[in-house]
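Q:
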Amino acid sequence: MRITHTKWSYIVFKIMFLARPEGGSCITNTATTDNAAQKHYLECYSLLFLCFFTFLSACASRPATIDSSPSQNHLEAGDAKVLFDEGGNSQLRGDLRKAYMLYHQAAIKFEQNGDMAGHCDSLLRSAYVCLSLGHTDKAAANLQIAEQLASTMADQARLGRVYALQGNLDHSNGNVEGAQANLQKAVSLAEKNGLPSVLIAVHNDLGNLFGSTQRYTEALAEYRTSALLAEQNGQPLRKTIALTNGARVCIADADQYLKYKNRSHSIQKVGTYLSDSDLETDSHQPAKTKRVSRSRGITTVFDSRTGIDTSIAGEKTVTAMFTDARAMLKEADASLADLQNSQDKILNQINLGLAFMDLGERYPKTASTNFSAANRLFLQAAKSARNFQDARLLSYAIGNLGRLCHQEGQLEQASELTNEAIYWADQASAPESRYRWEWERARILTDQNHIQEALAAYQDAILTLASIRDELSNCYGMYTGDLRKAANELYLMYVDVLLRDVDDLTVSEQTERLKMAREVVEKRKVSELRDYFKDDCLGQAAIETKAVDELLDKAVVIYPILLSDRLEIIAAFPNAANHDDVPGMPTAKIRHYKTVIDSQIVMRTVDKFRQSLEIKATDYCLIQAKNLYDWIIRPMAADLRQSQAETLVFVPDGALRSIPMGALYDGSTYLIQSYGIAITPGLTLTDPTPMNPEKIRVLAAGIQSAHQGFQALPGVGEELQAISSLHRSKLLIDDQFSLENFEEALQKDQYNIVHIASHGTFSDTVAESFILTADERLTFNDLSELVGLYRFREKPLELLTLSACETAMGNDQAALGLAGIAIKIGARSALATLWAVDDQAAAKLITEFYQQICHPKVSRSEALRQAKLKMLDDPLRSHPGYWAPFILINNWL
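The sequence shown begins at 734 in my numbering and counts up one residue at a time.
(1) Measure the Cβ-Cβ separation of residue 1068 and residue 969 and say whether it is below 8 angstroms.
(2) Please state whether DSSP places residue 1400 in a helix, a strand or coil.
(3) Around the Cβ of residue 886, are there at least 16 other Cβ atoms within 10 angstroms (buried) or fewer (exposed)?
(4) Measuring only the C-alpha atoms, how far is residue 1074 from residue 1126?
(5) With 16 as the cutoff for other CB atoms within 10 Å, does residue 1460 come out buried or exposed?
(6) With a Cβ-Cβ cutoff of 8 angstroms, do residue 975 and residue 963 count as a contact?
(7) May I have the straight-line CA-CA distance separating residue 1504 from residue 1490, to the nearest angstrom?
(8) Closest by CA to residue 1350, which one among 1136, 1611, 1194?
(9) For residue 948, does the three-state DSSP call read helix, strand or coil?
(10) Quick one: what's got a C-beta closer than 6 angstroms to residue 1328's C-beta in the same chain, skipping five residues either side?
(11) My parser needs the alpha helix (DSSP H) runs of 4 or more residues fully inside the stretch 887 to 938; what are they?
(12) Assuming residue 1613 is part of the alpha helix (DSSP H), what are its boundary residues?
(13) Using the beta-carbon count (16 or more within 10 Å), is residue 1437 buried or exposed?
(14) Rounding to the nearest angstrom, what Cα-Cα distance links residue 1245 and residue 1532 in this structure?
(15) For residue 1248, which residues of its own chain have a beta-carbon under 8 angstroms away from its beta-carbon, when the five flanking residues on both sides are left out?
(16) Quick check: what's the CA-CA separation for residue 1576 versus residue 1417?
(17) Within 10 Å of its beta-carbon, does residue 1209 have 16 or more other beta-carbons around it, so buried, or fewer, so exposed?
(18) Excluding the 5 residues flanking residue 1406 on each side, which residues of the same chain have their C-beta closer than 8 angstroms to its C-beta?
(19) Mapping DSSP to helix, strand and coil, what is residue 1626?
(20) What do you get for residue 1401, buried or exposed, if any count of 16 or more other CB atoms within 10 angstroms of its CB means buried?
(21) Looking only at C-alpha atoms, which of 858, 1431, 848 sits nearest to residue 824?
(22) Expressed to the nearest angstrom, what Euclidean distance is found between the alpha-carbon atoms of residue 870 and residue 1572?
(23) Would residue 1181 and residue 1123 be called neighbours here (beta carbons separated by less than 8 angstroms)?
(24) I need the straight-line Cα distance from residue 1442 to residue 1162, nearest angstrom please.
(25) Let me check one thing: in DSSP terms, what residues is residue 1462 bridge-paired to?
(26) I want to see whether chain D comes within less than 8 angstroms of residue 1553, judged by CB atoms only; does it?
(27) Among 835, 1388, 830, 828, which has the Cα closest to the Cα of residue 818?
(28) Helix, strand or coil, according to DSSP, for residue 1562 in the structure here?
(29) Pick out whichever of 1111, 1102, 1100 has its Cα sitting closest to the Cα of residue 700.
(30) If you run the structure through DSSP and keep just helix, strand and coil, what is residue 1408?
(31) Quick check: the Cα distance between residue 1119 and residue 1079, rounded to an integer number of angstroms?
(32) Given a cut-off of 8 angstroms, decide if residue 866 and residue 902 are closer than it, judged by their beta-carbon atoms.
(33) Is the Cβ-Cβ distance between residue 1550 and residue 1517 less than 8 angstroms?
(34) Could you tell me which residues DSSP puts in a beta bridge with residue 1493?
(35) According to DSSP, which residues form a beta bridge with residue 1443?
(36) Using C-beta distances below 6 angstroms, list every residue in its chain close to residue 1368, excluding the 5 sequence neighbours before and after it, in chain order.
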């Protein structure tokens, strides 16, 4: 089959920087309420501006990183000191670009004056600002020089700050191991040299790192250590920060447990049901047997009685975690109360208020007291922000008061406060604040049933967010691009409102509204892919040159959109002449269907379907396949038949990315028996151009013997030899399939198809996804660099085949990566597998596929369809668990 199953990821760590001279702040919140739509919004809204592990002000939260104000004996350089101080003032006001310019100029002046300490401190400040803006290359360059200066001066404190910042830089780049190594170097150095401020900040940073990777126990330990050190060294503000972050760890842990439990409970039940005698497994495959499969290990043991452990929280109950969180927040509140008013205190009041609000939304037992505490803190912050004339902080304080009123159903008051927050964000020239309150205004208008006004507010929020997109590309704790995910959720909620009343519109209005919704969905898909691959230029050429409706020829493009309370379907048909004789039926190309159903039910069904396919449980598989067919396909089945379409192209969303649509079942036949099936992460990213079979040239590589602890795949040799017999090919088998040989082959000749039959996995981050070669693991970033050379050649790569890769069940991000791999490397299409496949079955299906594409009039989707139909005719391999995992991505022609 393939390789590792990656962990489920339901809690994402969101960060919003309130830029400070000494650092940044994040404000965090995710909510759960009884109302499904409200719950979905609150969970999405947390992506906006809340963070489970806040990077509060640097003078408080990261002294190790930024607390580096040049001492008086080397701040006598006149212009240099003025520039340095003005940089701090600009950073305090949130003008990070100006702060960077001033710090950069100060660094030059200090260097000219021979002031190494001032030079180093300016570089540290500059690096921090660059990191906050997402300019990681500039941050890295500044840190490299700062490290040389600190080492020359033998200044252990500054060297510790360098290591701490480098750790945060690694974290922002997704290098978790490097981040941990550098932060622990900073800890060791600080302990050895007695630097308590460095220790306090770096333990907090380690908590942020562990929290963002869901290592909650380790994160909580780091935060407790930071809080204790802060108390011992008389630093109450830093104690408040660590305690607030620690509380958020407890909340996140409890929330993770609850979400995991809700989604995995149904999967556990599958295992239970499969052990009962009334649930039939594949008649030719015992319930527990050994067979060679394309997966990690020697021989995979398939045991239907194996359960899934959902115990994330360990022995502590959810209630106990919420109780611990409240205790830490109360202690943080008491610590903060004794401090004199300052902008740092305001910042922490906002973050602490959000933490109380977060807890109140999740823990109804203490909701009233938690909301009351949040209200008090926001009011205090707003009053102090007015006194300091800090419009930026005032916008956050007032805006969150508005959110609290909205939460409690006080819509008029919430609207007034939100509009005031937008005003103060404008006064502060803070678009990163403004778009949040524009989004909040859109929510309020939606709840007031002012749909047109709400749509306009969503458009305002999207435009404002677009204006600061570059600044959101990289931030601490965002190694998977969490702020861009906030933009994705903004798109989704906009689509939700666009489709709410679409059935009440006239035919022409409905067509325009559906086109608008489709356009937003396409933008969201592009944003998701760029987030996963951390590439803001991904698919840019396709976006600029393709019009969606021009791509349709005998194909229907289907957009399933999973919302909290319903499943919306937008379908684009190849012609508009099918319904002229049906009264009331729109004749436009684009149509709309809706199934009212809770999203949790859909996701649980998806998980049960996926697992039943993997373990080949026949009866249970068909039940779930029919349910999904009824929700997704049946509402449009008549229209599909009348359209005479040959191919269905799905643009799946969320959990739906992890299942094969061809295995949906209408009660008598599978969908693949009627249509060719393809998926694409976005139609605007697709280049549907037919392939000339006469000019096919294949680079076929694979591992058939055991390598690096992975089991042998004896079917790979048969598979590659069959391809070689059908098409002109170069083979790299076993030891020949080294990274060096693979690269040399790609550079030496031009191939239409690159076929790789080796263990591979898609994880929830591109950095952890790889393909096994004879000598090392080939990451998908490396694969993109190697195969991506074809993008600059006259003939692009037509097809990338990965016949032994897998995604973990329940890992929607991994499925997204699989769907986007063709776009990432510049191939027109990809053929890959969703989960572990039987080795011999894979060889037979792949061989048939390559036989089919020899025919000039057979499209890629039809070739795969015919290969699957041949498997269906084989009594030994007719179960969809054998043929369904093979999916065609992007170009279906």
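For every residue, glycine included, the Cβ atom is placed at its ideal position computed from N, Cα and C.
A: So, to answer that:
(1) Residue numbering aside, residue 1068 sits at position 335 when the sequence shown is read from its first letter. Residue numbering aside, residue 969 sits at position 236 when the sequence shown is read from its first letter. Yes, Cβ-Cβ distance for residue 1068 and residue 969 is below 8 angstroms.
(2) In the sequence shown, counting from the first residue as 1, residue 1400 sits at position 667. Coil, per DSSP.
(3) Taking the sequence shown and counting its residues from 1, one reaches residue 886 at position 153. Looking at its Cβ environment, which holds fewer than 16 other Cβ atoms inside 10 Å, residue 886 is exposed.
(4) Residue 1074 sits at position 341 when you count from the first residue of the sequence shown. Residue 1126 sits at position 393 when you count from the first residue of the sequence shown. If you take the alpha carbons of residue 1074 and residue 1126, they lie about 13 angstroms apart.
(5) Your numbering for residue 1460 matches position 727 in the sequence shown. In this structure residue 1460 is buried. Its beta-carbon is surrounded by 16 or more other beta-carbon atoms within 10 angstroms.
(6) Position 242 of the sequence shown, counting from 1, holds the residue named residue 975. Position 230 of the sequence shown, counting from 1, holds the residue named residue 963. In contact: residue 975 and residue 963 (Cβ atoms closer than 8 angstroms).
(7) In the sequence shown, counting from the first residue as 1, residue 1504 sits at position 771. In the sequence shown, counting from the first residue as 1, residue 1490 sits at position 757. Cα to Cα, the separation comes out at about 9 angstroms.
(8) As a first step, residue 1350 must be located in the sequence shown, where it is residue number 617. The shortest Cα separation from residue 1350 among 1136, 1611, 1194 belongs to 1611.
(9) By one-based count along the sequence shown, residue 948 stands at place 215. Secondary structure at residue 948: coil, using DSSP grouped into helix, strand and coil.
(10) The sequence position of residue 1328 within the sequence shown is 595, counting from 1. Hits under 6 angstroms: 1300, 1364.
(11) Taken in chain order, the complete alpha helix (DSSP H) segments of 4 residues or longer contained in the stretch 887 to 938 are 889 to 905, 909 to 926.
(12) Along the sequence shown, read from residue 1 onward, the residue named residue 1613 stands at position 880. Where residue 1613 is concerned, the enclosing alpha helix (DSSP H) stretches over 1613 to 1616.
(13) By one-based count along the sequence shown, residue 1437 stands at place 704. Burial call: buried.
(14) Counted from its first residue, the sequence shown places residue 1245 at position 512. Counted from its first residue, the sequence shown places residue 1532 at position 799. Approximately 35 angstroms, taken between the alpha carbons.
(15) By one-based count along the sequence shown, residue 1248 stands at place 515. Exclusion of the five residues before and after residue 1248 leaves 1323 as the residues of its chain whose Cβ lies within less than 8 angstroms of its Cβ.
(16) By one-based count along the sequence shown, residue 1576 stands at place 843. By one-based count along the sequence shown, residue 1417 stands at place 684. C-alpha separation (whole angstroms): 33 angstroms.
(17) Numbered from its first residue, the sequence shown carries residue 1209 at position 476. Note that residue 1209 scores a pLDDT of 36, beneath 50, so its modelled location is shaky and nothing firm can be said.
(18) The sequence position of residue 1406 within the sequence shown is 673, counting from 1. A distance below 8 angstroms between beta-carbons, with the five flanking residues on each side excluded, links residue 1406 to the following residues of its chain, in chain order: 1602, 1605.
(19) Stepping through the sequence shown from its first residue, residue 1626 is reached at position 893. The three-state secondary structure of residue 1626, taken from DSSP, is coil.
(20) Working through the sequence shown from its first residue, we reach residue 1401 at position 668. That one is exposed.
(21) Your numbering for residue 824 matches position 91 in the sequence shown. By alpha-carbon distance to residue 824, the top candidate from 858, 1431, 848 is 858.
(22) Taking the sequence shown and counting its residues from 1, the one referred to as residue 870 is at position 137. Taking the sequence shown and counting its residues from 1, the one referred to as residue 1572 is at position 839. So the two alpha carbons sit approximately 44 angstroms from each other.
(23) On the sequence shown, residue 1181 is found 448 positions in, with the first residue counted as 1. On the sequence shown, residue 1123 is found 390 positions in, with the first residue counted as 1. Against a cut-off of 8 angstroms, the Cβ pair of residue 1123 and residue 1181 comes out as no contact.
(24) As a first step, residue 1442 must be located in the sequence shown, where it is residue number 709. As a first step, residue 1162 must be located in the sequence shown, where it is residue number 429. If I take the Cα positions, the gap works out to 56 angstroms.
(25) Working through the sequence shown from its first residue, we reach residue 1462 at position 729. 1431, per the DSSP bridge assignment.
(26) Of the protein chains in this structure there is only one, and it is not chain D.
(27) Along the sequence shown, read from residue 1 onward, the residue named residue 818 stands at position 85. Ranking 835, 1388, 830, 828 by Cα distance to residue 818 puts 835 first.
(28) For the purposes of this step, residue 1562 is taken as residue 829 along the sequence shown, with counting starting at 1. Residue 1562: strand per DSSP, three-state reduction.
(29) For the chain, the structure presents residues 734 to 1626; residue 700 sits outside this window and is missing.
(30) Translated into the one-based positions of the sequence shown, residue 1408 becomes position 675. In the structure shown, residue 1408 adopts coil according to DSSP, grouped into three states.
(31) Sequence index remark: in the sequence shown, residue 1119 carries index 386 (1-based). Sequence index remark: in the sequence shown, residue 1079 carries index 346 (1-based). Approximately 11 angstroms, taken between the alpha carbons.
(32) As a first step, residue 902 must be located in the sequence shown, where it is residue number 169. As a first step, residue 866 must be located in the sequence shown, where it is residue number 133. Remark: C-beta atoms of residue 902 and residue 866 do not approach each other more closely than 8 angstroms.
(33) On the sequence shown, residue 1550 is found 817 positions in, with the first residue counted as 1. On the sequence shown, residue 1517 is found 784 positions in, with the first residue counted as 1. No; because the gap between Cβ atoms is not below 8 angstroms, this pair is not in contact.
(34) Locating residue 1493 in the sequence shown gives position 760, where the first residue counts as 1. For residue 1493, the pairing in a beta bridge is given by DSSP as 1504, 1538.
(35) Counted from its first residue, the sequence shown places residue 1443 at position 710. Note: residue 1443 sits in a beta bridge opposite 1440.
(36) Taking the sequence shown and counting its residues from 1, one reaches residue 1368 at position 635. So the qualifying residues of the chain are 1326.
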